[in-house]
Every structure is written in structure tokens, then in C-alpha cells.
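Protein chains in written order, with the numbering used here: chain A, 130 to 827; chain B, 130 to 827.
1) Which residue wins for smallest C-alpha separation from residue 522(A), given the options 547(A), 502(A), 349(A)?
2) When burial is assigned at 16 or more other CB atoms within 10 Å of the CB, is residue 368(B) buried or exposed?
3) Assign residue 299(A) to one of two classes, buried (16 or more other C-beta atoms within 10 Å of its C-beta) or exposed (fewer than that).
4) For residue 467(A) versus residue 479(A), is the C-beta distance shorter than 8 Å?
5) Using the beta-carbon of each residue, which ones in chain A are nearer than 7 Å to residue 762(B)?
6) Could you compute how far the alpha carbon of residue 647(A) sits from the alpha carbon of residue 679(A)?
7) Could you please give the first and the last residue of the uninterrupted beta strand (DSSP E) stretch that includes residue 712(B)?
8) Alpha carbon to alpha carbon, how far is residue 825(A) from residue 801(A)?
9) When the distance is taken between beta carbons, is residue 484(B) closer than 8 Å to residue 514(B)?
10) Applying the criterion that 16 or more other CB atoms from any shown protein chain within 10 Å of the CB defines a buried residue, is residue 361(B) buried or exposed?
11) Rounding to the nearest angstrom, what Cα-Cα distance links residue 706(B) and residue 628(B) in this structure?
12) Return helix, strand or coil for residue 287(A), following the three-state DSSP convention.
13) Please report the straight-line C-alpha distance between residue 335(A) and residue 277(A), rounded to a whole angstrom.
14) Are the beta-carbon atoms belonging to residue 227(A) and residue 257(A) less than 8 Å from one another?
15) Starting from the Cα of residue 203(A), find the closest Cα among 691(A), 145(A), 619(A), 249(A) and give me that residue.
16) Could you tell me whether any Cβ in chain B is nearer than 8 Å to the Cβ of residue 573(A)?
17) How about the segment 667 to 677 of chain A and the segment 648 to 659 of chain A: do they share at least three Cβ pairs that are nearer than 8 Å?
18) Residues of chain B with CB under 9 Å from residue 350(A), in chain order?
19) With a threshold of 8 Å between beta-carbons, can residue 163(B) be considered close to chain A, or not?
20) So is residue 130(B) buried or exposed if we call it buried at 16+ other beta carbons inside 10 Å?
21) For residue 230(B), which of helix, strand or coil comes out of DSSP?
22) Between 441(B), 757(B), 790(B), which lies nearest to residue 428(B) when the distance is taken from Cα to Cα?
23) Is the CB of residue 543(A) under 8 Å away from at least one CB in chain B?
24) Identify whether residue 238(B) lies in helix, strand or coil by the three-state DSSP scheme.
25) With H, G and I counted as helix, E and B as strand and the rest as coil, what does DSSP make of residue 274(A)?
26) Since residue 160(B) contacts residue 140(B) with CB under 8 Å, what's their CB separation in whole angstroms?
27) Using a Cβ cut-off of 8 Å, pull out every chain B residue sitting near residue 511(A), in sequence order please.
28) At which residues does the alpha helix (DSSP H) containing residue 788(B) begin and terminate?
29) Look up residue 403(B) in the DSSP assignment and say whether it is helix, strand or coil.
30) Given a threshold of 16 other Cβ atoms within 10 Å of its Cβ, counted over all protein chains shown, does residue 661(A) qualify as buried or as exposed?
31) To be precise: take each residue of the segment 439 to 453 of chain A, compare its Cβ to all Cβ atoms of chain B, and keep it if any distance is under 7 Å. Which residues remain?
32) Could you please give me the residues that DSSP links to residue 565(A) through a beta bridge?
33) List in chain order: all unbroken beta strand (DSSP E) runs of 3+ residues lying wholly within the segment 611 to 655 of chain A.
34) Whole angstroms is fine: what's the gap from residue 177(A)'s alpha carbon to residue 516(B)'s?
35) What residue does the alpha helix (DSSP H) around residue 532(A) start on, and which one ends it?
36) Is the CB of residue 273(B) under 8 Å away from at least one CB in chain A?
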């Protein structure tokens, strides 16, 4: 895929310049100087030759075929050049030029025009407003970055050109190897998903690294990421966590779902590894690009000093990695050559007077323990240790095992060349033990991801047809929310148990309804304007007599009228009072980029005060429903503490899957809450006590 | 303090060697080669001269006065040398030699002997089992480390010699400046607190940096740290978080109080800044050593690229720093020279075509905004930017402002010399924006610490005398826990309100008691063996009739007998049933290093499932009590959610202070829980419903 970008037989630089320092010059120079073997055509109407290459006045005048056009002309001319690409049958272009969407309204219009023209002309393009692209294997450096990274397995794409520069500059002196470097710019045409797919196919790329600030089509992103992460690790640094201004939301689910919740869910559901800092992005990339994945969580630490060993063990303890003692036979063997003052367990402290030979022996010995899935080697530059020799010893062993070895040779002056040796032979060295641990942990997480079985999606009968008339009617009437009786109908259509309830216009009707349902009952205001009924004094519970119902009718209607004089009060809903069980809340919300999400949390203060909630993007798999319940900190309360009975967790899972189905069936749902959903004992199911639905356009 | 260590007029190296590679040689060489101006005496019975210095057979034979002895002889000979120090009136020694406590039982004995001998001889010593000590200002390098750090303001002490080596090796190529480097070894005599006090006094030390795995005397540590942190920042990396094996505890408070809780509380209460990784330790040290503290939380970010700016803003958002918009006048001024595509708010993006001049102007302009307390400057190595020139521009401005400026010039190859320039002129440069932010945040926290008013400690009447007889009796009887009636008496002596309760041996007595107290009542088993009464079925609540009390008596005694056949059942306690209010839990626990701590959390599942608790080491100040309540995530529940009344938070504070007083009064208390403490509405106080006290020796 995107072959003409990454492996073109010929490149034209449209807007090539003779003036050093100009972007049109730097790009041509970069293409020339890093050994690109194909044809290069500078396009410049005022020049006959640039940097030793014959120049042409326009693309049209170039005699041969052109695979890739790199466009550096002023923004007003870009669209014309794209047209020429079409004429010349050039299907791939990189638009370096800025001055498009990033620059305001005029630029936005220009970008739309560019997109249109490119589609019409059959041209795919990267950019605009980008730094260009580098492929180390085909030796294409179609960028104005200073330098060419070493060849290697990291494929990097970035929404920020500046970050490309910083990463490249960081990589150069350490000869960190990259396969591709792609500055995505405004992503007007070629998107993150296009690049992920191309990198997934690219045999030179072992790990896909990305920096994004947002994605265009969240659904597509997830769909592609899910497939790609089965083949290769995808590590992404996502910025823009600070969502400016929380939107005024009309339901709990909406208020609780920030954009971060959507990204977190999307990454989790599609196996993307999230880096939280640039440093992590780098650290993880080095591990994945150079070392095999661990088969499990067990890590053994070999160190020549106690302190760093403890720090590494602490870091393991905070991660999902496990520090287990080596097998007895291994300990016995260690005893044969380590000094008695050494520590034979884990971390294995081979002491400060260790040389390379002792490191080598210890490493060889612990590798005999099959239950050790990964090894972390720590070194402090003592007077006796030969750092380079030790690095070579580690490298030799790492080359002969299928288990990951990460190192932290600490320091800088005496460590420098050893660290380089390690990396050159594919053993990443980290400045600090904690970084080696977090990188190993990321690898372990990815192992868990690729080992997990295919997700299972539940089959539903057609439920949609039973509820479609409600949503259609609401759409016709331009309603913003469903009425209580519509909510009731939607919930029952989707198989939710709801309390028996009867609508009453007068206190007499209320008494009759209560008698029909059976005391005690709950009464709730029915008014299209009253959304948070309890907060308005519009709910009364435990009404166990005629008198109580009559009083409640009066109380409720008076209180709501006092608080909201303008509210239309239709009457009250008289409901069966369900007792016992635990309150949970679940709902649907809609993210601008990822669409519908389903939310879950324990009801009341757990959600409101502790924000102890979990999100998944629809459709939910059975595994998603299972995991999201267990993800909340309050989950033990559902399983039952202090001898309580276990709640019907299966019924919660089923409800979440049903909500997911409902969201898929009705794109009009903007937000929905079932709050509370009462969960009874295991086997006894759930009851949707109250719910709200906000709807909008498709 | 410790002047003869840090600024000796003469040094003897006992065990000096002529063999390169031996520690006794390396130390002498280090003392010689870094310009130490004082007298140096190698002590070696078999040599007449080493490294150009006249050697002596023993300390006694040295003609002049010796200020400091560095001891490198075999462990069996160390004690004799210490004796000679005494004879020769040398009051300061560094014992490099290993083979003491760290090596097992024999070594432990030897160390005790060493301590005894040193005390008897009037010798203070660092070590044993250490790397030695460096003072860059007096040019003493009495260590066997390879290299001498640059002069600077960081005073570093470390329990791990290896970490000293790693830190030194990391510091050398970047010329990071240190005042002192002290390898503490086994801390047999000179302790962390001694060193902290000495560094606090040392005028060359601006920031105190430490690595510890534990402290000997936790109370002393806190007391000293509290004083020292008023003068200078103390940053400590504490390892050993993984407490091996949780101790079997007999109360909630005990089970919840890990050693980490004690260290966290101790650091917080004494103003110590905790670093969580070696990287953080370094990063924080550089900020504190080189830049002034911010006066407040407002940070402005200046960047030449969007992505890194967003990453920095995200990091601020996760910290306590604030990103505020610049003053209108400042924005207006920025508009006069920045391109229109720039971002004028915060982060201020001066765009990728910025040169040093634009950085300089932008920086000068934002500094006119007095409400900006700190500045973070980000740079990515674009083609146009002159990194060195920009570094000089930043340095010049930083030298003329009293506000902190931290930078993250990102990359490595093109950044290297600029980063060095920055650091040379006291502007720390961080590899990644997030590191600059977390360092600024640490400085802001320290500013808050030094600005806070003196803590206030409440005055108590003598409460001890009212309860002392209970504890004395318990001690005489070797009791492990107080009986219910003793608990009752202790609580009332300390002014806690407790439910009215009467002991009943039979169901008839129980009925009489209930009648006296008034229905409804609570009944609880009274048995010395039953600690967790509810779990044993030993509690019944809401008993509102004679019949109910009779049944409950039978139920409770039968159930407990069935579950614990061996338990002695004395009868039941009939208690007034207190209704309403919120349940909290508070308690006392005893940490091996820090002594008594007071714990607080919301009762029931909040403590048990969510572990939402706070600790403070006694004595608690009023501020401690105030803060620890507000530290819990569930605090909003006490303030009242959804229109609930506020709980009596003042009464909780008073109770915590009372518990602190009680712990101070009675060192015998090992653990105590008041669980639940029922908190009523504001102004209505608290009631201690149930409590447990475990006691031991002093």
C-alpha cells in the first residue's frame, strides 16, 4: 500500500529552489544526499538545473513517468499542481505547503478545494502543512528535516511536524533505527488509518509509533487499529487531554464522558498501547523494535547493586509484572559461582565487584529457569566492571534466547559506549531501571492482547422493530427527549424489567392505581420539563396507604409547581416499589469522534463523587461487558462484601450488551441513563427503576 | 557541623595501598588529584611513600594533627584503628571497609563493637561499607569513585553506594554541579539526620538530595526534616515500597497502614519532596539548584510548535500548576511582533520559523505579566532556529528575573551544546516538556510549604490521669486488648460521646436494661475472644420490644457459640440505638520506624473496598486533622451531596486530635479503631458506636 510514496521509482519536487535554506532546496538536497537511486525531477520554471539535476518548468514537461510529487509551491498554486498530477497520471503527492486549514477560514476553504481537486484528479496526498516523509529502506528522504535516521524497525507517524524533528534529532546520535518517518500535517486526505494499514503491511516496520491530537473518523480508526494490532504493536501518544470547557450535559453519562474516556476506551478496545509521555513513546518503541515479547509476567532482575535492584522491584510491583523467586536448581547453580554475600533470589544481586564474566554466568544460569519470561539487567559503573565487555556479554546472550532482555546501565560518562553497543545489537538500554520495567510491562500487555481469543458479540433478536415507531414519532415531533411512557416502552421492547406503573392525573386516579399495583408504591411527577425528578422534589417512595398516596400527590405537584412554576404538570406516575438490591447506573453517550459509548458504574455517590465508572465504545463484546464491570473500583460491592449475597452480575452484563444494541439500532440517541438499575441477587435479575433518553438528529 | 569531614586540614588514609586498582590506592589518588590543599598521610606499615606522600606505619606515628581518618583496612582491624583515632584525638572517620551488618550475624556483632568503640573513643564516623565522601568546595574527594563532579549547589547523600556511582557518572559529562556527595553505607553512627543538619548549615548547598531505603529513628528524622525544609528543599527518593508480606493485623487500621503510609505521612508532614524515580530525583534537583521558586501556580508556556505545547499543557493540567491566559496588554504587545498565525494565549506558539530574537522578545513580553509565576520554554530543532543563540537569549533573560524559567529544548544532536549552555548558566534543560512541568510543580509545592503558617497544636486538659489506671491494670495483667467496658471508660475519659449501654448476663437482665435505656436498642456479644462481633453474628440492631430483645439474646449467644465453641460468653451489652448520621472510622496504629499514626476514612466499604483513607503521624496539628479529612476522595459525602446536611466535620477533627493526644499519652497502644464513629449534622457532634484497643509493652 501507498507504494508510490514509500518506494517511488521517480520523484518530482514541484517548487524546487536554488536557494539554500529554502524548503524547496532542502527537500531536493535531502532526496539527493541520502542515496535515493531513482530519477529526481526538480520543477522550477526559472531554472534549468538545480543541485546537478535537470530542472523542468512544469510537471507536464517531464519526459518520463513520475511516481511521487513533492509539492512546495505557494498555497495558492497547490491546487493547480494537483491538477497537473492528474494530467500526468501521478497518483501520489506530498503537500508540504502550509496555509490551509491550520491558518483559518480562508485556508479551510482552500483545503476543501484541494481535497476536491485531488479526488477528481485521482491523486492521494499526505499533508498539507507537513514536514514530508522519510523511508530509510528505499532511501527516500522527501522531507526538510535535518538528517536521515538509521535503518531500523520503527515506523513513526506524527500529526506534529515539530515532534518529528525532535524525535529525529533525539534518534540521530544514538543511531536509533527507523523504517519510516511520516509527518501527517493536516491529514486532509491520507489519514492515520491509511498509514497504519501501510505500516502494518510494510515488512521493514516492526513497531508502529504515532503521535496524534485527534482522529477524523473514530470508528474507522478503531476498526483498522484492531486489525493492525493483531500483527504489530501500535504505540500512540495522544495529546490534548485538557478538554477546554466541559460541555453542559443533561445527564450523568454525558457529564462523565470526557473525550479522554472515548480515547481510552478506543485504545483499549483496539489493542493500541498508549504512551503517556514522549519519553514513554521512545522507551516502548525501543523495546518492541528490538526484543521479543515476553510469554508471561515473570521478570528476573540481575544487578550489581542493591539500591537500583530495589527500585526496579518496586516498579515491577506497581506494574502487572511479577517478581518470582528462581527455581531451586537455579539458585543452587548460582551459589556455585556467586560470592556468599550475593543475593540469590530476585532481584539477584551479584555484587559490586562483578565483572562481565559474572554477569554472563548469572544471566546464562537464570535463563535455565523456564518460568522467567523476561530479564532486566542493571549495572552501576563500579570501579571494577568493564562496561563494554559486560554489554557484549549481554548482547551475546540476548542473541541466543527468545526471551526479552532489557537493560539499565546507569550513568552517562562511563556508560555511553556500552549503551551504544547494547542498542546496536538490539538490546535497548534505559537510563533508569524504572524505564526498563515500564517498557517490559508494555510488552507484557501487548502479549496479553495478542493472546486473547477473538471477542464474541452477542446475537440479538430483532428488537429494533418493536421500538422504531417511538423514535420515528419523536423525530417527527422534533422532540429532544422521550416522555416517561415512551421510555417505558423502549425499555420493555428491549427486554428490561421495569416496575409496574400507572399514570394518574388526579389523586383519585393515583389511589386507584396504587390499589391496582399493590402497596407500597412510589410516585413520580410527570412533566416534560422536569428531568431530574428527585432534585425537584418530584419523587416520593414507600407510600403504603390511601392517605399517603393522596398526600404525596398533593405534595409532589405543589413542590414542583413552586420550584418550576412554568412546568406543565401532567400528573404522576404510580409505580410498584421494588425493594432490596443494589443500585447501578448505566447509560449511552455519544462522542463526536467515536460515536456511541456505553457507561457503567455503581449508582449514587459512587458515580457522582468518586467518578468510579467505565466506558466502552459500541458495539460491546461480551468480554467488554464483563471487563468494564470489573474495572470499577467498587466491583467488590457487587460480588458482595461481609457475607452479602452476590448481585446478579450476569444480568448487568446482559443489560450493558442490550444498551449497546439499542445504541446501534438508534443512532438518534444522544444520551441515555438508566438510573438506577436495581440489581438483585444472583439469578434474580435487574429492574430499570428510572431512565432518561435524549435524542437528536441521525 | 561535621566540619572535619567536609573541610579537614589534614587527612590520613589508613590502609593506603601502592597497588593501583585497590581501594586504598584509589582513595589516596582521588584525594591527591583533585587539588586538596591540606596535609595527606598515607598509613601503611609496609611502605615509606605512596603516590609521592610520605607514609607512616600507624596513625600514632604521624607527627601533626589529623582532622579526618579514612579507613580502608580489613574489617577485623577497623576497631583497632578507631581506637587509635581516639588516642590521636581524631574525632572524624570514614569507614569504607565492608563486612559489617550487611554481611550477616558476625558482621552485625562487629558493627556493634565498632559503634561501642567509636563512642568510647570520641570518634564520629560515616559508614561502614561505603564509597566515601566528596566535597567539591574544599576539594576533598575521599572516595573511590571515578571522577570529581563539578562544583554546584546539590548536596547528595545516599544509602546506596552504587547509586552514588550512577548519579556521579550521569552528572560528569553534563557538568552538573554538586556541593557534596556522601555515601552513607550502613549508617552505623552518622545518620541521615546528621547529614541533613550539616547540609542545611552548609552555605554551598542549595538543595539537599537523598536516597534512602529506611530511616533509623523516624521521629528524629521528621523533627530534623521539618526544621531543615524551612531553610532548604529536601528531595528524597525512598525505595523499598514493596513491603514483603503484610503483617497479620487485628484491626482495620493496622491492616491498612503499610510502611509506605508512614513514609508518605512523614514526608508530607515534614515538607520533604518525594521523588518517585531516579529521573525525578535528578530533574527536581536541577530545578531547585538553579532556579528561584515560583511565587504561585501560574505557568506560561512559550513554544515554537503546537504538539509539544499541548503536551506541556496536558502535564500542567495533571499537576497543580495553572495555565492562565496572559494579560490583555501582553497579548496586544505579542501581536505587534508575532506572525498572525501564532497562538497568543497559553501555550504561546511563536511558530516553527522562530529564531532566537523572537524567543527573546516573546519571553521579555510575557515576563511583563506579573501574574505569571513561572515560565517554561519549549524548542524543537527546526531548520531555521539557532539553538545556541536561543539558549543564550533565554539565559540572559533568566539572569535578570526572579521568576523561574525551565526549558525543554527537545532532541539530542542539534540540541546538545545549547542544552549545555543553558545548564552552565543555571537554566535546567529537560529532554521532554513533561519533565520541565513536573519539576516546576515540585518547586511550586515547596513554595506552598515554606509559605504555610506555623502549625498549631491544640492544648488539652490532662486527660491521661483519668485513663491511666485502665492501661496500668491492663499492663499488670498482660492483656493484649481492653475489654468493652475498659474501652468505654477510655473513650469517655477522652471526652468521646458513647451510646448509653448496660451489661446483661441473662435475657431478663437484657430486657430490664432495654427498658431502662429505652427502645429501640442494639445488642452486642460480650466475650473476650470475639473481636469482630458483627462477623460472628454477635450484633443485633433495631430491637424495639421485649420479645425482640429476648430473641436477640438467644440468637446472639447461640450463633457465637456455634461459630466459636471455645469462646467465653459473658453476656451481652445492651446499647442505646443511635440513628442518623454518617459512619466514619478512625484509629491509631504504630509504625516500627515512625511510631503512632492516626488514621481516618469513611466507614464501611469506603475503607474496606476503596481503601480511601488518610494517615498522619502523631502528634497531629490542627492543620493535619483538617487536611487529612479533606484528602479522602469521599470527603464530599461529609460535606453533603444532593442537598444533604453537612456532617459535623469540626467534631471529626477534634476526635482525630483527641486520638492523637491519646496515642501520645499511652505508648502502649498498638492499635485502636473507633468503628464506626457516627457523625451527626454540623454542630451535633459524633458518637463512638464501637471501638477496639490492642495494647502491648511500652
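Think of the CB as a built atom: it goes at the ideal place given N, C-alpha and C, for glycine as much as any other residue.
The answer reads as follows:
1) 547(A)
2) buried
3) buried
4) yes
5) 739
6) 15 Å
7) 711 to 720
8) 12 Å
9) yes
10) buried
11) 7 Å
12) strand
13) 19 Å
14) yes
15) 145(A)
16) no
17) yes
18) What residue 350(A) touches in chain B: nothing, since even the nearest Cβ is about 19 Å away.
19) no
20) exposed
21) helix
22) 441(B)
23) yes
24) helix
25) coil
26) 6 Å
27) 291, 294
28) 778 to 794
29) strand
30) exposed
31) 439, 440, 442, 443, 446
32) Per DSSP, none; premise fails for residue 565(A).
33) 630 to 633, 650 to 655
34) 35 Å
35) Unbroken run through residue 532(A): none, as it is neither H nor E.
36) yes
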